[in-house]
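Chemist: Using UniProt numbering, you'd call the opening residue of the sequence shown number 1 and step up by one each time.
Here a beta-carbon is modelled for each residue, glycine too, at the ideal position from N, C-alpha and C.
Remember, it's a predicted structure, so these values are computed and weren't measured experimentally.
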Amino acid sequence: MTKYFELDWKRPVPQELLDGLKADRWTETKEDYDYEQDCTFKVDDNGFFIYWKSTSKEGDVLELSTVNDVRIGCAPQDPKFDAALKKKFGDKYTEQAFIICSGMDMVNVNLCHVVCDNKEKVEKWITGIRSLTNNTKINNVCPTTNIRKHWTRLLLSTTVDNKVSVKQIAKTFASGKTEKLVYQTLSELGLPSEKNDSMSQDELTFEKFLTIYKTICPRTDIDKLFDSITGGKTDTISISKFIEFMNERQRDPRLNEMLFPSYNEKRSKEIFGMYEPDKENIEKNQFSKKGFTEYLMSDENAPVLLDRLDIYQDMDQPLSHYYINSSHNTYLIGRQFGAKSSVEIYRQVLLAGCRCVELDCWDGKDKDEGEVIITHGKAMCTNVYFKDCIKAIADCAFVTSDYPLILSFENHCNRSNQYKMAKYCNDMFGDLLLKEPIKDFPLNKGQPVPPPSKLKRKILIKNKRLKPDIEKIELEAFLKGEFTIGDEESEDTTAESGEKKEEETDKPVAPNYSGSTVNVHPWLSSMVNYTHPTKFQGFDAAEATDEHFKMSSFAEPAALGYLKSQAIEFVNYNKRQFSRLYPKETPVDGVIAAQCNVEVIAGQFLSEKRVGTYVEVDMYGLPTDTIRKEFRTKAIPQNGLNPMYEEEAFRFRKVVLPELAVLRFAVYNDEGKLLGQRILPFNDLQAGYRHISLKTEGNFPMSLPMLFL
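Listed below in structure tokens is the structure:
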């Protein structure tokens, strides 16, 4: 950025986590469990990792960016193991235990159970770990910080006698090259260099680690850039040349001069002072290649505007003005037909930032008689209990975000089970559930719905609702204990018409489930306020009704049709009230074109193996002018360490709505396997030469792999 902005990524690590916790740990599968006693758990002072070690084992290191939740402990499945834990820690040992949940995606979740002798310590550790997880900023640090993070992990991954093994260092840096270069570099640094040697943690300083890094992965790409600035005539960049480079090649000329002034001598001297290691060069207003490289790999040269990592948008507009991160058929973790339903997935999508989840509610049959189940009713999927899903939602609703959560009920239940649904929501959500409209935002014609800022830590239910006069009569009777359910009607004349999913044709139909009930229990009906579903009757009818709290659902093809045929009306409709779009069976990637040039120059540490690599650049956003799988570099054979692509710039066409557009950079090996990716918001990109650290397919940060653009 033209103006200096410090990325405050580091959160304070509680002292209890630095001091450590003496505890036992176990993991388990359906068939077996792994138990390790007398471990010491700690967190490093940067908050990168939680690590543990016992007296007899090397221990392990877990990256906190992969930890999505910490929960109160539970008993193991094995009764003999459970008895052993009770004998050691007491009958209430689960109160002295917690579970660390981690994983590289939302489906494959690893659970590490930890138990100690003190309940208060457990509470402090749960609070402490939660304060460090879900840190957006630490997942967007610069390459230099990522290298320091990798060094930290290496220091923590010690042998039983707390030594750093040469073998582990070689494994870190080999990347398809022979290990001889690693051993040679260690020897030149005066460090143990034989394959079976090891060294103390103090011996492997960050400066020595960085020297090994630069020796193993020479930056010829930066060498070429440096020479292009100096003309290849000097080994330093003068301050005048640096100012010229920054203003002409690193700064977007369209930026506001008041907010983002051009680089001048004063600002350039500040940059020299921060990154130039040679004091003599600083005094002479010169930048060495080493200092220039440090600058290019710093937060100062981030690919996106760093202040955008905080919430900067106006959150005081009506809720209907915002795009809401939503999940369709949330409970399914596989295909839409014949798939497995899961309770855990509700936790995972909420922890990932989702603010609208779907629950397809059905009356239980056979052994589930009398319970509400969640399943894809006509698709032969497995079942989970509604109450278990509600408990999971209550636990995780506001762990990563305080903004409102919408529960979209597709309700196929009879009134008896709808009463249970209402009771579960009332009892488990408590004050989190928005049971009635906010005083300043009544459900009146022409009244906008509340903004997100007024609905923080509130859960809204989307479900069919009774007509107001009928609801009032039946709710009063229910509260007096005089309400009787009676016979279910096949067609409801008392419920206001709600939207219904389009039923798929030619799909296997399970005989266990009847069609959707349209009878609504008054208690559940009374819990619906700002997300009241109604059948879409057209834009003119919606405008005439002018009820902002009513919403309709649209199939993806229908919504796209409205965008083409009645775009203005559709936009005005969405200014007033919600639209919920559910994807068609075969999704089409929604991507837009953009006025943007992207040049992929090189990569670093893209693979541990000696493989060929290539890079694809896509743009996603509005569902028009799809540009995907179109821009791809040539494959560089047998080089996963530091391939040079040096492609002509990929040119995207003009962006229609840059606020919604993102660029995706994806690195593949020559067999088409994804090695790493990064998704960046188009509107926040900075011009010029930038490094982007890569992430996994599940969007978790990787330490060393990066691209130079």
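Do Ile50 and Ile100 come within 9 Å of each other at the CB atom, strictly closer than that value?
Modeler: For Ile100 and Ile50, yes; Cβs fall inside 9 Å.
Chemist: Are at least three pairs of beta-carbons, each pair with one atom in the region 664-677 and one in the region 689-697, less than 8 Å apart?
Modeler: yes
Chemist: Who pairs with Trp26 in a beta bridge, going by DSSP?
Modeler: Tyr35 and His113
Chemist: Let me check one thing: in DSSP terms, what residues is Gln677 bridge-paired to?
Modeler: Under DSSP, Gln677 shares a beta bridge with Ala666 and Lys695.
Chemist: Is the separation between the beta-carbon of Ile393 and that of Asn383 shorter than 9 Å?
Modeler: Not a contact, by the Cβ cut-off of 9 Å.
Chemist: Under 8 Å Cβ to Cβ from Lys575, same chain only, skipping five residues before and after it: list those, please.
Modeler: Excluding the 5 residues flanking it on each side, Lys575 has same chain C-beta neighbours closer than 8 Å at Ser320 and His321, in chain order.
Chemist: According to DSSP, is Cys389 helix, strand or coil?
Modeler: Three-state DSSP puts Cys389 in a helix.
Chemist: Thinking just about the alpha-carbon of each residue, which of Pro522, Ser525, Thr531 and Phe578 is nearest to the one in Glu543?
Modeler: Phe578
Chemist: Measuring straight from C-alpha to C-alpha, what distance separates Thr517 and Cys354?
Modeler: Interpretation of Thr517 is limited by its pLDDT of 41, a score under 50 that renders its predicted location unreliable; the figure taken from the coordinates is listed afterwards. Roughly 28 Å between the two C-alpha positions.
Chemist: Give the DSSP-derived three-state secondary structure of Asp618 in the structure shown.
Modeler: strand
Chemist: Looking only at its own chain, which residues have a Cβ that is under 7 Å from the Cβ of His521, when we skip the five neighbours before and after it?
Modeler: Arg415, Gln418, Tyr419 and Ala422.
Chemist: Please return the same chain residues whose Cβ sits closer than 7 Å to the Cβ of Phe478, not counting the five positions on each side in sequence.
Modeler: Pro522 and Trp523
Chemist: Applying the 10 Å Cβ sphere with the 16-neighbour rule, what's the burial state of Glu471?
Modeler: buried
Chemist: My output table needs one value for His532: the three-state DSSP class, helix, strand or coil.
Modeler: strand
Chemist: Compute the Euclidean distance between the alpha carbons of Arg678 and Gln286, then round it to the nearest angstrom.
Modeler: 34 Å
Chemist: Start and end of the alpha helix (DSSP H) containing Thr220?
Modeler: Bounds of the alpha helix (DSSP H) holding Thr220 are Thr220 to Thr230.
Chemist: What are the boundary residues of the beta strand (DSSP E) that Ile100 is part of?
Modeler: First-last of the beta strand (DSSP E) with Ile100: Ala97 to Ser102.
Chemist: Once DSSP output is grouped into helix, strand and coil, what is the label at Tyr322?
Modeler: coil
Chemist: For the region 28-40 against the region 64-77, are there 3 or more C-beta pairs whose distance is under 8 Å?
Modeler: yes
Chemist: Do Ile129 and Val61 have their C-beta atoms within less than 9 Å of each other?
Modeler: no
Chemist: Looking at the structure shown, is Thr493 part of a helix, part of a strand, or coil, going by DSSP?
Modeler: With a pLDDT of only 45 at Thr493, under the threshold of 50, the placement of this residue in the model should not be trusted; the figure read from the coordinates follows. Three-state result, Thr493: coil.
Chemist: Taking the alpha helix (DSSP H) that Lys420 belongs to, which residues open and close that run?
Modeler: The continuous alpha helix (DSSP H) containing Lys420 extends over residues Arg415 to Phe429.
Chemist: What's the C-alpha gap between Gly20 and Asn519?
Modeler: Cα-Cα distance, rounded: 56 Å.
Chemist: Determine the contact status of Leu432 and Val399, defining contact as a CB-CB distance below 9 Å.
Modeler: no
Chemist: Starting from Lys604, trace the beta strand (DSSP E) both ways and give me its first and last residue.
Modeler: The displayed chain sequence assigns Gln, not Lys, to residue 604. Gln604 -> beta strand (DSSP E) spans Ala602 to Gln604.
Chemist: In this structure, how does DSSP classify Val509 when only helix, strand and coil are distinguished?
Modeler: For Val509, the predicted model reports a pLDDT of 38, less than 50, meaning its position is unreliable; a value from the coordinates is still stated below. Note: Val509 maps to coil in three-state DSSP.
Chemist: Kindly list the residues whose CB is nearer than 6 Å to the CB of His150, restricted to its own chain and excluding five residues on each side of it in sequence; keep chain order.
Modeler: Ser703 and Leu704
Chemist: Determine the closest residue to Ala649 out of Leu641, Glu599, Leu663 and Ser288, with distance taken between C-alpha atoms.
Modeler: Glu599
Chemist: On the criterion of 16 or more Cβ atoms from any shown chain inside 10 Å, does Asp44 qualify as buried, or is it exposed?
Modeler: Using a 10 angstroms sphere on the CB of Asp44, the tally of other CB atoms reaches 16 or more, which defines it as buried.
Chemist: Does the Cβ of Thr55 have 16 or more other Cβ atoms within 10 Å, making it buried, or fewer, making it exposed?
Modeler: exposed
Chemist: When DSSP labels each residue in this structure, what does Glu502 get in the three-state scheme?
Modeler: The pLDDT assigned to Glu502 is 41, lower than 50, so where the model puts this residue is not dependable; a value taken from the coordinates is nonetheless given after this. Assigned with DSSP and collapsed to three states, Glu502 falls in coil, not helix or strand.
Chemist: Taking the C-alpha atoms as reference points, what is the distance between Ile461 and Gly377?
Modeler: 21 Å
Chemist: By DSSP, does Cys596 sit in helix, in strand, or in coil?
Modeler: strand
Chemist: Look at the Cβ atom of Val372, then the Cβ atom of Lys464, and state whether they are nearer than 9 Å.
Modeler: no
Chemist: Please classify Ile636: does DSSP put it in a helix, a strand, or coil?
Modeler: Ile636 falls in the strand class under three-state DSSP.
Chemist: Ignore the nearest five residues each way along the sequence and tell me which others in Asn146's own chain have a CB closer than 6 Å to its CB.
Modeler: Ser693 and Ser703
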